[in-house]
Amino acid sequence: MWYISRFFLTGFPGLESNYLWLSIPFSSIYAMVFLGNCMVLHVIRTESSLHQPMFYFLAMLALTDLCVGMSTVHTVLGILWGFIREISLDSCIAQSYFIHGLSFMESSVLLAMSFDRYIAICNPLRYSSILTNDKIMKIGVAILCRSSLLIPPVIIRLKFLNYCHPHILSHSFCLHQDLIRMACSDIRFNSIYGLFLVISNLLLDAVLILISYIMILHTVLAIASREERLKSLQTCVSHICAVLVFYIPIIGLTMVHRFGKHLSPLVHVLMGNIYILFPPLMNPIIYSIKTQQIRRRVQRLFCLK
55 MWYISRFFLT
65 GFPGLESNYL
75 WLSIPFSSIY
85 AMVFLGNCMV
95 LHVIRTESSL
105 HQPMFYFLAM
115 LALTDLCVGM
125 STVHTVLGIL
135 WGFIREISLD
145 SCIAQSYFIH
155 GLSFMESSVL
165 LAMSFDRYIA
175 ICNPLRYSSI
185 LTNDKIMKIG
195 VAILCRSSLL
205 IPPVIIRLKF
215 LNYCHPHILS
225 HSFCLHQDLI
235 RMACSDIRFN
245 SIYGLFLVIS
255 NLLLDAVLIL
265 ISYIMILHTV
275 LAIASREERL
285 KSLQTCVSHI
295 CAVLVFYIPI
305 IGLTMVHRFG
315 KHLSPLVHVL
325 MGNIYILFPP
335 LMNPIIYSIK
345 TQQIRRRVQR
355 LFCLK
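Each number in my numbering comes from the position in the sequence shown (counting from 1) with 54 added on.
This is how it looks when you write it as structure tokens:
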């Protein structure tokens with residue numbers, strides 16, 4: 055079987071002469087992703103008062119975001135620094151596996167966090183008995199299995215496709231939809247199974263998160279005191295922001311891929327980088343600002359009065 059073993063990565067079309075300058079903001083963003091998420095993990099690990107279900111789930115989110123940054127940093131900065139211009143098929147398949155797997159994992163963690171908020175607000179008296187450390191461990195293992203074990207069939211098949219179309223990737227990293235676009239083999243399995251994964255993970259999670267917040271809102275509106283209603287809703291603000299930060303770039307990238315074929319390739323590249331980098335960059339900022347316990351611990355960490 056013959057296939058092209060090397061694929062060319064697309065940097066930022068039309069901005070090749072400015073790569074050195076572009077590398078400065080991108081290096082800064084990756085540094086903030088790593089430092090921000092490591093800081094959240096450090097704070098949760100070292101502060102005993104944060105050893106609660108809500109913050110265990112936040113630690114899962116920070117760890118996932120950290121891995122997302124690590125999965126793409128070498129190709130994005132490699133292009134901007136002039137070290138990388140192409141990638142082997144095996145490396146591309148591996149990167150695609152981690153990008154999509156971590157995306158599903160982040161969606162699953164956000165769903166678990168919405169379940170945490172639902173229990174905390176709708177059934178507060180049973181919160182500690184429902185979300186025990188053992189249950190949280192099982193939820194974490196279920197998230198890991200769901201995100202890593204469902205993807206291999208569609209990813210492994212990429213190895214056995216014939217690639218005869220121009221082997222130029224649309225982004226600075228590898229995505230499953232990019233690879234099957236270049237294939238000349240029968241891709242029906244990849245298309246159908248890929249759609250199943252999106253529906254059973256991202257779409258299902260979004261619907262369940264929405265349902266949980268409808269139930270939370272119903273419970274909160276039944277509270278007589280306005281102050282208590284606001285206090286209950288404020289505990290959800292950080293999670294709502296994290297959900298929006300995750301799903302809006304995905305919707306934007308999907309719309310650009312589906313309806314933006316006439317747009318400049320630069321728009322596609324920028325949307326792809328926003329999809330990859332925006333959630334890991336923003337989540338530590340959101341939780342450091344909106345969550346009082348995290349904010350106070352971070353202030354102590356940097357000796358701010």
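No residue lacks a Cβ here, since even glycine has one placed at the ideal position from N, Cα and C.
Ignoring anything shorter than 4 residues, give me the alpha helix (DSSP H) runs that lie fully in the segment 135-209, in order along the chain.
143-176, 181-184, 187-203
Could you tell me if serine 266 is buried or exposed, where buried requires 16 or more neighbouring beta carbons within 10 angstroms of its beta carbon?
buried
For alanine 113, which of Asn337, Phe356, Arg350 has the nearest alpha-carbon?
Asn337
According to the Cβ coordinates, are threonine 118 and isoleucine 153 closer than 9 Å?
no
Among residues of its own chain, excluding the 5 on either side of isoleucine 277, which ones have a beta-carbon nearer than 6 Å to its beta-carbon?
Arg283
List the DSSP bridge partners of tyrosine 217.
Ala237
Is isoleucine 277 helix, strand or coil by DSSP?
coil
Could you tell me the alpha carbon to alpha carbon distance between tryptophan 56 and asparagine 216, rounded to whole angstroms?
Any reading at tryptophan 56 needs caution, since the residue's pLDDT is 43, under 50, leaving its predicted position unreliable; the model's value is listed next. Roughly 6 Å separates the two Cα atoms.
What residue does the alpha helix (DSSP H) around arginine 350 start on, and which one ends it?
346-355
Quick check on phenylalanine 227: does DSSP put it in helix, strand or coil?
coil
Look at the Cβ atom of tyrosine 386, then the Cβ atom of leucine 134, and state whether they are nearer than 9 Å.
In the structure as shown, the chain begins at 55 and stops at 359. Residue 386 is therefore absent and cannot be evaluated.
Roughly how many angstroms separate the alpha carbons of glycine 65 and phenylalanine 313, rounded to a whole number?
22 Å
Could you say which of Cys228, Phe158, Leu198 lies nearest to serine 145 if we only look at CA atoms?
Cys228
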